[in-house]
Structure formats: structure tokens, C-alpha cells
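Using UniProt numbering, the first residue of the sequence shown is number 1, and each one after it goes up by one.
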Amino acid sequence: MSLFGVKSVEFHERGFRHQLNVKRKLQDLQKQGSKQEREDQKYNIEMMKIESQAMKAFHTDVNQNPSLAKELATNISLFKKSTKTESTLKSLGRFGEDSSASEESSTLVVGRQRALETIAKKMEKKSKWLERKTSEGKTYYVNKETLETKWTEPKSGFLSLEEQKYSSDVTPDTDPLPAGPYNPYGRWKTVAHTEFDDKMIDLQLPDQKLPQIVAPVFADHDKEVKIEFKEKTVDSF
């Protein structure tokens, strides 16, 4: 075989091996990509579970101890981690080379963090609306930032009268009643019965000389007056 033929065969073999290596690397990348995608899906599912459990646990704790709502509302910043810390936890939990135990621990930490941030945001929206009562016992709601009032419950939630007892940010109930139809016939008022004094009230007016009015005297006609008519006869006209 000539030298040209040997080099041609060698070049062809190197090209074939290169194609096999490229194909193998592509297959490895595809496997890693699908594996990473499955890990991402698993991670998102775990985050949703953790957020749901944290929300349920927190609502249970608030119902048992409403003062927790005040602590959360005044310490929202404590639940917000820096971007650097959060990215470090995610890198350890999802892409790091640590063991499965540390990976799970990192996932739980990040999940709790996200759950607390979600709760804090919901409580922040909820605390904007306060429950109020009118003198007749009618419930209405007031926005402590815009002073907007309404009769219907806000969709974002509100702080009940019981929860407001544990919050130092709530102002006294001096809010105006909301506009809109409340009672189309107006409010009923109880009419108080007052007793009037028959005696003349001294108005301290100046004295005036009033003219004396004498009542006319009519004669007493007890006897009937008889009227007599005379007759006169005329013979002719």
C-alpha cells in the first residue's frame, strides 16, 4: 500500500473515532439534562409541599396565639435572606457535590425560607385592612394606608378585632363610615318622651300696655215678638 493510502486510512479512522466521541458526549449531555430536569421537578414539588405545610402550621399557631401575627408583621425583614445566601443554599442543595443528607437539608432550609416569605407577604396584605364595628353592630372594613372603607370583606384578607388587640400598629377606631348603600331608609332613632310644663315660661320680655277689649252685651230676647198683619179689601182697580 502506498504512503498516501496509509495516511488516508489513518485520517479516516481518526475522523470515525472523533465522531464516536462527539456522539458519546452528546448522549452524556442528554442524560445529564434529563436527570437535571427530573431533579428540578422534584425540587419544585418539595418546595410546594413545604410551603403548604408551613402555611397550615402557621395558621394553626395564629389561631391558638394571635400575638404571632404581630411578631410576623413587625419582623418581616427577618424572613428575607440575601441573594448570596440563597444562591449558596441552592447551589449546595441542587448542584453541589455534597451527600444526599446535606442536599436534603439545604432543600428544607430554602423551602422554609420561601414559605416564610410567602406567609409574610400574605400577612402584610392582610394587615392593610382592619375590621370595624358601627354603633349598631354592623361590620365594615377600613384600609389603614388609604383610609378607604367598604362593607364587603377584602379579598386579600383583614385583621379581625381579636387580632388587632395584639398589634401595636393599629390606630383607634376613629375611621369614617364607608360610602355606599347601607340602609336605604336611613337609621332608626328612638324618640325620647319629654314632659312639658304647663306653666308659662318667663321670657323676660318688656312690659306692654295692652288695650282693654270689652265684650259686647246682647239683650236677652226670651219672649217671642208677634207680628200682626192687617187686611185691606180693594173693590176694583
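Ideal placement from N, C-alpha and C gives every residue a C-beta, glycine not left out. Please read these numbers as outputs of a predicted model, since none were measured by experiment.
Which one or two residues does DSSP pair with R132 in a beta bridge? Y140
Proximity of T134 and Y140 at Cβ, strictly below 8 Å: yes
Opposing strand residues paired with T149 [DSSP bridges]: V142
For the alpha helix (DSSP H) holding Q164, just list the boundary residues, first then last. 161-164
Neighbourhood of L161 by C-beta distance below 6 Å, restricted to the same chain and skipping five residues each side: E131
For V234, three-class secondary structure by DSSP: coil
So is I50 buried or exposed if we call it buried at 16+ other beta carbons inside 10 Å? buried
Spatially closest choice to W151 from K165, E163, W129, Q164, by CA coordinates: W129
If distances are taken between C-alpha atoms only, which option among L210, E136, E228 comes closest to K189? E136
For K155, tell me which candidate among T194, S127, K138 has the shortest Cα-Cα distance. S127
Cα-Cα separation, K43 to A57: The sequence given here has Tyr at residue 43, not Lys. Those two C-alpha atoms are separated by around 21 Å.
Pull up the distance between the alpha-carbon of V142 and that of R38, whole angstroms please. 47 Å
At the level of alpha carbons, what is the spacing between F218 and D202? 37 Å
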